[in-house]
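Engineer: Numbering (my numbering), first residue to last: 4 to 69. Glycine residues also receive a C-beta, built at the ideal position from the N, C-alpha and C atoms. Okay, handing you the structure first.
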Amino acid sequence: MRVQLNGKDREIERGLTIRSLLESLELEPGMVVVELNREILERDSYPNVTVSEGDALELVHFVGGG
Numbered sequence: 004m005r006v007q008l009n010g011k012d013r014e015i016e017r018g019l020t021i022r023s024l025l026e027s028l029e030l031e032p033g034m035v036v037v038e039l040n041r042e043i044l045e046r047d048s049y050p051n052v053t054v055s056e057g058d059a060l061e062l063v064h065f066v067g068g069g
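Now the structure itself:
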């Protein structure tokens, strides 16, 4: 199904939760903030929120450095 991910159209598997989407992108859920259709999601909800056709997602991944 088609979604918008960080401003770009992308095909993803149907039925993915936010958590499973992050895992498929090899991102650590604890290090990512997810905005779904202009609403920031609580990390605790990632396993329970299913991505739908046409959703707009913004992923912000935090990395350490020094």
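Go through its chain and collect everything with a Cβ distance to residue 24's Cβ below 7 Å, but skip five positions before and after it.
Structural biologist: 15 and 54
Engineer: Chain C beta carbons: is any one of them nearer than 9 Å to that of residue 31?
Structural biologist: In summary, chain C is missing from the structure at hand, where a single protein chain is found.
Engineer: Does residue 28 pass the burial test, meaning 16 or more other C-beta atoms within 10 Å, or should it be called exposed?
Structural biologist: exposed
Engineer: Is it right to say residue 43 is buried, meaning 16 or more other beta carbons lie within 10 angstroms of its own, or is it exposed?
Structural biologist: exposed
Engineer: Three-state secondary structure (DSSP) at residue 29?
Structural biologist: Coil, per DSSP.
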